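These notes concern the structure reproduced below.
This is the structure in structure tokens:
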């Protein structure tokens, strides 16, 4: 798999445990994503909330760079980034005039035809058989609540991935590892996303609902494939507990943590020891 | 005012606001509707009635977490989340943002400034600029000091980067921002051309 890698700002910032996790895990499966030179921020919520044109131009620049650097597939492990990349690609492939205009703005030609993959899709490319065969330590004690958040499956006409209401792709992967994913309601509810700093009360309330639901359905951990969801549910969990006057103590894993653990990689190598909530 | 209205309607065109029949499904699924001054279906109604300015002054557009649930579930394929984006953009341009929501505006503006300067996000710089912007309009020591205790916790986990990454070619980033600015050198309005926001459905 000759895979371009767009880390996005979070994975080179305070979510660098996610990068450590996925690089270590994917190396076990002989997948070595190549970071795009000179990638820039996708603009995230700030761009699409304040300036639509910028919200197309910034991701388009990254698509162009990946294309120029000879890649056909681009792995973007942050769902915000991958949604922004997919949206820019979709808009440009549907509208030749826009594609031309954007190319002028970004000083590079972006066709928008490169394929953008999230982490779950990379595991799907590796294949269920391959992952299953590589499992050394089945995660029989784990009952994870698989948490997709907003943007892995939404907007569906942009991301075209799994079912926006009842996704199952993450459950399928953790089941290969011997874990027993719980059935619960909040798979695609929002955790408060980028409001962590700007409006903390929103994050505390929305994340509280998610952790409560996971707990009530018998989960002993959560699994996510999003750096923002991880920040809100893991780093803020003590604050959420205070807000909800409840105890959760639910470790939050990246999907690559669980695959890595099952494949025999240590917690330290995956960076799990760098999370805030640690499994007892 | 007429040209402003035309511009707003052009930017909203691809959101299909006109076909909303007020079933309320957007509001039923909205995670923040209960705590805001206008529910998503009321926002769409305001647009239909030509009361866009009322929506631009609402707290609701800044409470929106852009989770896309409303747009995903709309039986008429109205892009309600896209409407929120357009209203925020125009609210800011016309200086109508609700003072109560200053912190969200300050955060988003600080975020974009940061990208314009560095090409990539510098988290410490972002937090500093965000706090200064909020402090300038509403000085508060508890607000300033909040999260300070987080720094050593992040440091302990090797998650704190005192200096963020910068791309080498920052000039091109600056030019992209210039061309995308309202009234910038790119064609059309900064809110984008009416052709599509999320693109075609199906």
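Protein chains in written order, with the numbering used here: chain U, 1371 to 1650; chain X, 23 to 224. C-beta atoms are modelled at their ideal positions from N, C-alpha and C, and glycine is treated no differently. Here the structure is a predicted model, which means the values were calculated and not measured.
- Contact between residue 1454 of chain U and residue 1413 of chain U holds, since their C-beta atoms are separated by about 6 Å, short of 8 Å.
- Pairwise C-beta distances place the region 1441-1457 of chain U in contact with the region 1400-1415 of chain U, as three or more of them are shorter than 8 Å.
- Of the candidates U/1379, U/1390, U/1506 and U/1546, U/1390 places its Cα closest to the Cα of residue 180 of chain X.
- Only residues of its own chain outside the window of five on either side were considered, and among them 103, 106 and 107 have a CB closer than 8 Å to the CB of residue 88 of chain X, listed in chain order.
- Here residue 150 of chain X carries a helix assignment [DSSP, helix/strand/coil].
- At a beta-carbon threshold of 7 Å, none of the residues of chain X lie near residue 1630 of chain U; the nearest stands roughly 18 Å away.
- Taking all protein chains shown into account, residue 93 of chain X has 16 or more neighbouring C-beta atoms within 10 Å of its C-beta and is therefore buried.
- When DSSP states are grouped into helix, strand and coil, residue 1558 of chain U belongs to the coil group.
- Contact between residue 1492 of chain U and residue 1396 of chain U holds, with the beta-carbon distance rounding to 7 Å and staying under 8 Å.
- Residue 1559 of chain U counts as buried, since at least 16 other C-beta atoms from the protein chains shown sit within 10 angstroms of its C-beta.
- DSSP places residue 1516 of chain U inside the beta strand (DSSP E), whose first and last residues are 1514-1517.
- Beta bridge pairing from DSSP links residue 132 of chain X with no other residue.
- One Cα belongs to residue 1533 of chain U, the other to residue 1409 of chain U, and the distance between them is close to 30 Å.
- In summary, residue 1518 of chain U is buried, with 16 or more beta-carbon neighbours lying within 10 Å of its beta-carbon over all protein chains present.
- Within the region 1471-1485 of chain U, those residues whose Cβ lies closer than 7 Å to any Cβ of chain X are, in chain order, 1471, 1475, 1476 and 1477.
- Contact of residue 199 of chain X with chain U is assigned, a C-beta pair being separated by under 8 Å.
- Within chain X, the C-beta atoms nearer than 8 Å to that of residue 1524 of chain U come from 89, 90, 91, 93 and 94, in chain order.
- By the rule that beta-carbons nearer than 8 Å mark a contact, residue 26 of chain X does not touch chain U.
- With a contact defined as Cβ atoms closer than 8 Å, residue 1591 of chain U and residue 1640 of chain U miss out at about 14 Å.
- The beta carbons of residue 1647 of chain U and residue 1621 of chain U sit closer together than 8 Å.
- Residue burial annotation: residue 43 of chain X is exposed, with fewer than 16 other C-beta atoms found within 10 angstroms of its C-beta.
- Within the region 1400-1412 of chain U, contact with chain X at the beta-carbon level (separation under 7 Å) is assigned to 1408, 1410 and 1411.
- Shown here, residue 112 of chain X sits in a helix according to DSSP, grouped into three states.
- Taking a C-beta distance under 8 Å as the contact criterion, residue 1416 of chain U and residue 133 of chain X qualify as a contact pair.
- The criterion of a C-beta distance shorter than 8 Å is satisfied by residue 76 of chain X and residue 68 of chain X.
- Within chain X, the C-beta atoms nearer than 8 Å to that of residue 1384 of chain U come from 145, 176, 181, 182 and 183, in chain order.
- Under the Cβ criterion of 8 Å, residue 114 of chain X is counted among the residues facing chain U.
- If you draw a straight line from the Cα of residue 24 of chain X to the Cα of residue 1589 of chain U, it comes to about 56 Å.
- Contacts with chain X at 8 Å (Cβ-Cβ) include residue 1461 of chain U.
- Residues of the region 147-161 of chain X with a C-beta less than 7 Å from any C-beta of chain U: 149 and 152, listed in chain order.
- In the DSSP annotation of this structure, residue 1443 of chain U is not part of any alpha helix (DSSP H); the continuous beta strand (DSSP E) holding it starts and ends at 1443-1445.
- Residue 1591 of chain U carries a strand assignment under DSSP once its states are collapsed to helix, strand and coil.
- Taking C-alpha positions only, residue 1563 of chain U is separated from residue 1598 of chain U by approximately 6 Å.
- Within the region 1445-1516 of chain U, the runs of beta strand (DSSP E) that reach at least 3 residues and sit entirely inside it are, in chain order, 1485-1487.
- Residues of the region 1562-1585 of chain U that bring their beta carbon within less than 7 Å of a beta carbon in chain X comprise 1562, 1563, 1565, 1567, 1568, 1569, 1572 and 1576, in sequence order.
- Put simply, the CB of residue 1528 of chain U is near chain X, with a gap under 8 Å to one of its CB atoms.
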